[in-house]
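Count along the sequence shown starting at 1, add 1374, and that's the number in this note's numbering.
Glycine included, each C-beta is placed from N, C-alpha and C at the ideal position.
A quick note: this is a predicted structure, and the numbers were derived from the prediction, not measured.
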Amino acid sequence: MESRLGEGSRFHFTARFGLQPGQAALPEVENLRGLRVLVVDDSATNRRILEEMLRKWRMRPALVSSGSAALAFLEKGARSRKPFALVLLDGQMPEMDGFEVARRIHGHPTLGSVKVIMLTSAGQSEAVCQVTPGVAASLTKPARQSELLNAIVTVLSGPGRAKPRATSRVRRRIAKARRRMRILVAEDNRVNQELVLELLRQRGHNAAVAADGAKALKALERERFDAVLMDVQMPNMSGLEATRAIRQSEKSTGRHVPIVAMTAHAMKGDRERCLEAGMDGYVAKPIQAAELFAAVEGLASPSGSSSGGDHEERAAGGFDREALRARFRDDTGLLRRLADVFRDDCPRMLADIQRRSGPEVRRRRLVLLTLSRARRPILAPATW
1375 MESRLGEGSR FHFTARFGLQ PGQAALPEVE NLRGLRVLVV DDSATNRRIL EEMLRKWRMR
1435 PALVSSGSAA LAFLEKGARS RKPFALVLLD GQMPEMDGFE VARRIHGHPT LGSVKVIMLT
1495 SAGQSEAVCQ VTPGVAASLT KPARQSELLN AIVTVLSGPG RAKPRATSRV RRRIAKARRR
1555 MRILVAEDNR VNQELVLELL RQRGHNAAVA ADGAKALKAL ERERFDAVLM DVQMPNMSGL
1615 EATRAIRQSE KSTGRHVPIV AMTAHAMKGD RERCLEAGMD GYVAKPIQAA ELFAAVEGLA
1675 SPSGSSSGGD HEERAAGGFD REALRARFRD DTGLLRRLAD VFRDDCPRML ADIQRRSGPE
1735 VRRRRLVLLT LSRARRPILA PATW
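See below:
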């Protein structure tokens, strides 16, 4: 110990360690020298930590703070014939999350060969890795240097090299994430109710529904649930109010039921408001089956969240039949049933809108009025 009054103390020690029996040494890093790596994280601290690790292994990292910037960097590198071989991608970012970035890289005509390692919150990585196209491996933050190096070497070595075996802790987490869960769906919209319930049932989970926050509270008082999918905007009691009430009641019980927000909001700050209210995760509407399963199953033990992406941008291009079929997992029967429910529910929504005002509300009223007065079904059987 070295200590000086008014300056502080410094502690240090020297120790000699031998290799653990049966464990191989760390992979050679010589082959990684000069490798171009793109680090994508909205946290400047995380970017700096990863940069120091990569430079220590003689790699050439570039740093960006958003998904859109990452795609631009990757495309520029491909055009200049200086492509990136690897992307270290944060799973939780505003505007466009890491899972959407990975999907776009995977579907890009010139970027599909880029390897992606996802860095995400505890308890979610394995589930997300299995359902997100383009993710070669995933690590739980904060990742140790040895874990990151092993993942990089394994991912870049190609399919011929055996992947490291999962630890017993990881295997237990995966098994727990896949188990049959009892899930409460708090949602006032009938179409969303039917969609989420059907997706969860197809996945093998047992689901119940509550039409507003107050009913969700009563349901939680009657029975125990493994997780709650909570719509943010509901009558009587909003999802944020219900979540605060649930967290308050848990102070006396010591329990913590994971709550995932379901919201059409995808603006910067919305995820933070959900987390401040006590929610554990975040899924944006329109609901994507893969993101829904990753968020709920990853929260089998409390974990991070999966934030919604650019659903408005995807919708702006017009009606995408293939995307719609994929969202319903090719279950056209369910799609027709929900379309009929939506048409039948239009009069109630119109009556609710008439009690409101403003140009945006009037525009939505016109759209709903057109749909409700359609002379033929919105989705004719011949369409499919």
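Taking the continuous beta strand (DSSP E) assigned at residue i, which residues delimit it?
i, result
"GLY1613", "No beta strand (DSSP E) contains GLY1613, which is instead part of the alpha helix (DSSP H) from 1613–1627."
"SER1383", "1382–1384"
"ALA1581", "1580–1584"
"GLU1557", "Note on identity: in this sequence residue 1557 is Ile, with Glu being the wrong assignment. From DSSP, the beta strand (DSSP E) with ILE1557 extends over 1556–1560."
"GLY1652", "From DSSP, GLY1652 is part of no beta strand (DSSP E); its letter is neither H nor E."
"GLU1597", "Taken as a continuous stretch (DSSP letters only), GLU1597 belongs to no beta strand (DSSP E), as it is neither H nor E."
Just to check my reading of the structure: residue i and residue j have Cβ atoms closer than 8 Å, yes? What is that Cβ distance to the nearest angstrom?
i, j, result
"GLU1615", "GLY1587", "6 Å"
"VAL1411", "ARG1434", "7 Å"
"VAL1559", "LEU1493", "No, VAL1559 and LEU1493 are not in contact; Cβ-Cβ is about 30 Å, not under 8 Å."
"VAL1634", "ALA1669", "5 Å"
"VAL1715", "VAL1565", "5 Å"
"SER1440", "MET1470", "7 Å"
"ILE1620", "LEU1649", "Incorrect: roughly 14 Å between the Cβ atoms, too far for contact."
"ASP1605", "MET1555", "About 18 Å separates the two Cβ atoms, so there is no contact after all."
"ALA1452", "LEU1485", "6 Å"
For residue i, which residues from the same chain have a beta carbon less than 8 Å from its beta carbon, with the 5 sequence-adjacent residues on both sides left out?
i, result
"ALA1536", "Note on ALA1536: pLDDT 37, under 50, position unreliable in the model; no value is reported."
"ILE1557", "LEU1574, HIS1579, ASN1580, ALA1581, ALA1582, PHE1599, ASP1600, ALA1601, VAL1602, LEU1603 and VAL1670"
Note down, in chain order, each residue of its chain lying with its Cβ closer than 7 Å to the Cβ of residue i, except the 5 sequence neighbours on either side.
i, result
"GLY1508", "ALA1476, ARG1477, ILE1479, HIS1480 and VAL1490"
"LEU1573", "ALA1663 and LEU1666"
"ALA1651", "LEU1614, THR1617 and ARG1618"
"GLU1425", "VAL1413, PRO1435 and LEU1437"
"ALA1389", "none"
"MET1611", "ASP1586, GLY1587 and ALA1588"
If you follow the alpha helix (DSSP H) that residue i is part of, which residue opens it and which one closes it?
i, result
"GLY1451", "1441–1453"
"VAL1570", "1564–1577"
"MET1759", "Here the chain comprises residues numbered 1375 to 1758, so residue 1759 is not present and cannot be evaluated."
Around the C-beta of residue i, are 16 or more other C-beta atoms found within 10 angstroms, so that it is buried, or is it exposed?
i, result
"ALA1525", "buried"
"THR1419", "exposed"
"ASP1600", "buried"
"GLU1793", "Residue numbering for the chain in the displayed model covers 1375 to 1758; residue 1793 lies beyond these limits and cannot be assessed."
"PHE1458", "buried"
"MET1375", "exposed"
"ASP1464", "buried"
"ASP1415", "buried"
"GLN1576", "exposed"
"PHE1473", "buried"
"LEU1712", "buried"
"ALA1444", "buried"
"ASP1718", "exposed"
Does the beta-carbon of residue i, which I'm using as the reference point, lie nearer than 6 Å to any heavy atom of the ligand NAP?
i, result
"GLY1628", "As far as ligands go, the structure on display features none, and thus does not contain the ligand NAP."
Please go through the same chain and pick out, in chain order, the residues whose beta-carbon is closer than 6 Å to the beta-carbon of residue i, but skip the five residues on each side of it.
i, result
"ALA1511", "ILE1491, ALA1525 and VAL1529"
"ARG1432", "ARG1407"
"SER1377", "SER1383"
"ARG1455", "none"
Does any residue of chain D bring its CB to less than 7 Å from the CB of residue i?
i, result
"ALA1446", "Although the question refers to chain D, the structure presented lacks it and comprises just one protein chain."
* Asked: Hey, which unbroken runs of the alpha helix (DSSP H) at 4 residues or more fall wholly within the stretch 1458–1495?
  -> 1472–1481
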